[in-house]
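J.: Let me give you the structure first, and then I'll get to my questions.
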Amino acid sequence: MEFEVMFEKATGYKPFDYQKRLATEYEMPSILNVPTGMGKTAAAILGWLWRRRFAPDHIRETTPRRLIYCLPMRVLVEQTRDNAVLWLHNLDLLGGIAEIEGEKKDQKLKKYSPSWEDSGKINVTVLMGGEDRDDWDLHPERDAIIIGTQDMLLSRALNRGYGMSRYRWPVHFGLLNNDCLWVMDEVQLMGVGLETTAQMDAFRKKLGTFGNSKSLWMSATMDESRLQTVDNKIDKPMVSISDEDLGSELLRKMSDARKTLERAENIFLDKESSKGKYFDDLARMIADYHIPGSMTLVILNTVKRAQELFKRMEKVISQNGRLVLLHSRFREDDRSRNLEALGNEGDLIVISTQIVEAGMDISARTMFTELAPWSSMVQRFGRCNRKGEFEKSKIVWIDLDTEKMSSPYDDEDLEVSRKVLKGIEDANPKDLSEMDVSGKDVVRPQIRRKDLLELFDTTPDLSGNDLDISRYVREVDEKDVQVYWRDIPEEGPSNDIKKAHRRELCSAPLVDVKKCVEKKNFNGYMWDHLEERWGRLNSSTPIVPGSIILLDTKSGGYSVKLGWLGKDWNKNKDGIVEEVHVDTDIENESVNSEIETFIGRDITITEHCRNVSDFVGRMSTAIGLGNELADALSTAGLWHDVGKAHEAFQNSLRQGRDDIHENVLLAKSRDRKGRMRYFTCEDGVEKERRYFRHELASALAWLKNGGKESKEGEL
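Numbers 682 to 1396, taken from our numbering, label the letters of the sequence shown in order.
Here it is in structure tokens:
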């Protein structure tokens, strides 16, 4: 199938010339730099798909089997997932079942359930924290699209996966660094994560990978110099729009779209006005400028200010349905409901943070925005009169005290942006593209080869803490944890409480949570995998980015309407936070946990090891491994659970059961009776073997029976 045919069948539109070149040229470029609204997502996903499934053999053979789509924000992940599912569905290549409404150009995904039954289909997997049943990591031989936030993807690629079982870190580390095309979208929002992706690309090239591994960075405001890191050198040509693209009617309308620019008179954000006057004045101005029947978009630089303005706007706007709040501190269902309101045509005022800067296909007739770095302002302007559909549109920018109110941005970058804004009266995309504006040079940490090699060891220290990779994932002031709410009795949570589901989780700033811990009515817990129990948070608890924290619903801290309330922990007018009830049976893991051991039926060690050895043999053939690696994996399959024959492990399975013959050695058990407890018996006295690991026993048994300490030993 020709690329043009495939693209139109998937999207309902003909491809731009740059999209065709990205897909069909022999070597995929490293950088894609095109204006907003020009279909970068479709170019990357459908470009990979064509190269993997429809291109000539010499291109298909060099195209990685996994597409890793990395985004800076959760809201962009959900939108990209929906697009990928719709396109694969239209091409009859989707693995699983999708519920879709609308015609091709106006399709909307209602629900998607992945399935791995058909080996010829492609599943779309989302990685955003919280456990969800998706067996993508059990099928390394399959083509797959993995979409996630930079927190989830980069932490996994660094062998310290946020929001997942620490015992599966190496699995995702391997799968996300081998046979992958990494696509980084909206890189201007990635912060230090951008430099980390460049360094990891260099390490894959220098250290070697199984299969081809490539990287593609995309943005409408690309700073190529940031990709030239200490180990990475970009030498492939950049793809951008061509003269043919410039001649299209769509791009002409977008480029010529009129966007009158003015500064908000008599409104200035400083410490004093932020106490109330700023929000009252801005709310009245928004109401005055809003054109009935159209969208007005208001972009503020912090979640707290967006929440405060939303509350003031509720008092100004009588019809509450016309008002929507968007930011990154909502639970999934609440965020999705707010995003859905954007699809409703007609009268709408949207109060948002910078999450709308990237990837969101919305077009406001009127826009208000606080002063931000120039690259961010350009992205924000792209959400006003996006397709040139309005004859006139207006953008109002709001000045602020750069010394006291610049956060989360650098004050020097804001000064540069202010100077530019004062010199222009229109945010016409064509004129903006011709401007060369440079911000402050920022020195960011870069992960080095030595750091990466140290991350191969996943053993925690004596206190149960791990090497902190957060400085390579996000900026210091952008580090998040994930929180969720359950009804907790006075004596504390039960140790058998299930893991959080993705729908329950809410992103919260690490600094906010640390402040909340000091409040008397704060009732939060983290799972201690060493002690196998919930530990109550206090001021000395080490909380690191990516941690998942359980909170009591009675403590408050969240509003369905406003989202995470931050330091206003005890000011939740909604009272008790309502639980998100989802079906999840995934247990919290610990050093002693053997979750995969209890599967509903008994299987002997001999049967299980043979099954695994046969399975990896078939997998090796499907992937195309050489004989040496295939033989090593087969050997590993035969020996990997031999250590379960140890008395301590067998005793743990026999607890509460008298139906297992003494000569039967089990690898898997139908159920568990009580807590997993390892012990041996000496002279009739039980001797506890805490922290027993059957994997170590298996390795020692293999060595004792003629195994060699070599590369095969690592497998």
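Just so you know, even glycine gets a beta-carbon here, dropped at the ideal spot from N, CA and C.
Which of helix, strand or coil does DSSP assign to Gly-1399?
T.: Summary: the structure shown does not reach residue 1399, with the chain confined to residues 682 through 1396, and so no result is reported for it.
J.: Return the chain-ordered list of same chain residues with a C-beta closer than 7 Å to the C-beta of Asn-1001, the five sequence neighbours on each side being excluded.
T.: Model confidence at Asn-1001 stands at a pLDDT of 47, short of 50, so the residue's coordinates are unreliable and nothing is read from them.
J.: Give the DSSP-derived three-state secondary structure of Glu-1259 in the structure shown.
T.: DSSP places Glu-1259 in coil when its eight states are reduced to three.
J.: Run the CB neighbour count on Leu-1134, radius 10 Å, all protein chains shown included, and call it buried at 16 or more, exposed below.
T.: Result: exposed.
J.: Any idea what DSSP makes of Val-1345, helix, strand or coil?
T.: In this structure, Val-1345 counts as coil in the three-state DSSP scheme.
J.: Taking its Cβ as the centre, do 16 or more other Cβ atoms sit within 10 Å of Asn-1219, making it buried, or is it exposed?
T.: Its Cβ having fewer than 16 others within 10 Å, Asn-1219 is exposed.
J.: Need the endpoints of the alpha helix (DSSP H) that Pro-1226 sits in, please.
T.: Looking at the DSSP string, Pro-1226 is not in any alpha helix (DSSP H), and its letter there is neither H nor E.
J.: Spatial neighbours of Arg-993 within its chain, please: CB distance less than 7 Å, with the 5 preceding and 5 following residues excluded, ordered by chain position.
T.: Counting only Cβ-Cβ distances below 7 Å, and skipping sequence neighbours, we find Phe-960, Asp-961 and Ala-964.
J.: Using a threshold of 8 Å, state whether the C-beta atoms of Pro-753 and Thr-705 are closer than that.
T.: No; because the gap between Cβ atoms is not below 8 Å, this pair is not in contact.
J.: Specify, as a first and last residue, the run of the beta strand (DSSP E) that Leu-1081 falls within.
T.: Unbroken beta strand (DSSP E) run through Leu-1081: 1075-1081.
J.: What alpha helix (DSSP H) runs, 4 residues minimum, are completely inside the stretch 1080-1133?
T.: Whole alpha helix (DSSP H) segments, 4+ residues: 1092-1102 and 1110-1114.
J.: If you draw a straight line from the alpha carbon of Asp-1401 to that of Ala-779, how long is it in whole angstroms?
T.: Because residue 1401 is not part of the residues shown, which for the chain are 682 to 1396, the question remains open.
J.: Over the uninterrupted beta strand (DSSP E) stretch that includes Ser-921, give me the two end residues.
T.: Unbroken beta strand (DSSP E) run through Ser-921: 919-921.
J.: Buried or exposed: where does Leu-927 fall if 16 or more other Cβ atoms within 10 Å of its Cβ makes it buried?
T.: It is exposed - the Cβ of Leu-927 has fewer than 16 other Cβ atoms within 10 Å.
J.: In terms of residues, what are the limits of the beta strand (DSSP E) holding Phe-1049?
T.: Phe-1049 -> beta strand (DSSP E) spans 1047-1051.
J.: What does the alpha-carbon distance come out to for the pair Leu-1346 and Ser-1294?
T.: Approximately 18 Å, taken between the alpha carbons.
J.: What separation, rounded to the nearest whole angstrom, lies between the Cα atoms of Ala-968 and Ile-1076?
T.: Cα to Cα, Ala-968 sits roughly 14 Å from Ile-1076.
J.: How about the stretch 861-877 and the stretch 898-915: do they share at least three Cβ pairs that are nearer than 8 Å?
T.: Yes, the stretch 861-877 touches the stretch 898-915.
J.: Going along the chain, which residues of its own chain have a beta-carbon closer than 8 Å to the beta-carbon of Ile-1099, five neighbours each way excluded?
T.: Per the sequence shown, the amino acid found at residue 1099 is Arg instead of Ile. Correct list, in chain order: Leu-1052, Asp-1080 and Thr-1083.
J.: Going by DSSP, name the residue or residues bridged to His-739.
T.: None, per the DSSP bridge assignment.
J.: Taking the straight line between their C-alpha atoms, what separation do you get for Thr-910 and Ala-883?
T.: Cα to Cα, Thr-910 sits roughly 9 Å from Ala-883.
J.: For the alpha helix (DSSP H) containing Pro-1402, list its first residue and its last residue.
T.: Not covered by the structure: residue 1402. The range shown for the chain is 682 to 1396.
J.: Grab me the residues of Thr-1404's own chain with a C-beta within less than 8 Å of its C-beta, minus the 5 sequence neighbours each way, in chain order.
T.: Residue numbering for the chain in the displayed model covers 682 to 1396; residue 1404 lies beyond these limits and cannot be assessed.
J.: How do the stretch 684-693 and the stretch 725-738 stand: do at least 3 beta-carbon pairs fall below 8 Å, yes or no?
T.: These segments touch.
J.: Which ranges would you report for the alpha helix (DSSP H) in the stretch 838-912 if only whole runs of at least 4 residues count?
T.: Segments of the alpha helix (DSSP H) lying fully in the stretch 838-912: 850-856 and 873-888.
J.: So, at 6 Å on beta carbons, what are the nonlocal neighbours of Ala-1022 in its own chain, with the 5 sequence-adjacent residues on each side left out?
T.: Excluding positions up to five away in sequence, the list reads Val-1005.
J.: Of the residues Cys-751, Asp-1091, Arg-755 and Arg-732, which one's Cα is nearest the Cα of Thr-744?
T.: The candidate whose alpha carbon is nearest that of Thr-744 is Arg-732.
J.: Hey, Val-1258 and Thr-1234 are a contact pair by Cβ (cut 8 Å); roughly how many whole angstroms apart?
T.: That belief holds up - the Cβ atoms of Val-1258 and Thr-1234 are roughly 5 Å apart, short of 8 Å.
J.: Would you give the residue range spanned by the alpha helix (DSSP H) that Ile-1178 belongs to?
T.: Note, Ile-1178: premise wrong, no alpha helix (DSSP H); not H, not E.
J.: What first and last residue would you give for the beta strand (DSSP E) that runs through Cys-1362?
T.: 1360-1363 is the span of the beta strand (DSSP E), which, as asked, contains Cys-1362.
J.: Jot down the residue ranges of each uninterrupted beta strand (DSSP E) in the stretch 985-1017, minimum 3 residues, whole runs only, in chain order.
T.: Counting only runs of 3 or more, we get 1004-1007.
J.: Can you determine whether any heavy atom of the ligand MN sits closer than 7 Å to the C-beta of Asn-893, and answer yes or no?
T.: The ligand content of the structure shown is nil, which means the ligand MN is not present either.
J.: Taking the C-alpha atoms as reference points, what is the distance between Asp-904 and Lys-1201?
T.: Roughly 46 Å between the two C-alpha positions.
J.: Tell me the rounded alpha-carbon separation between Thr-890 and Leu-857.
T.: Thr-890 and Leu-857: Cα-Cα distance of roughly 11 Å.
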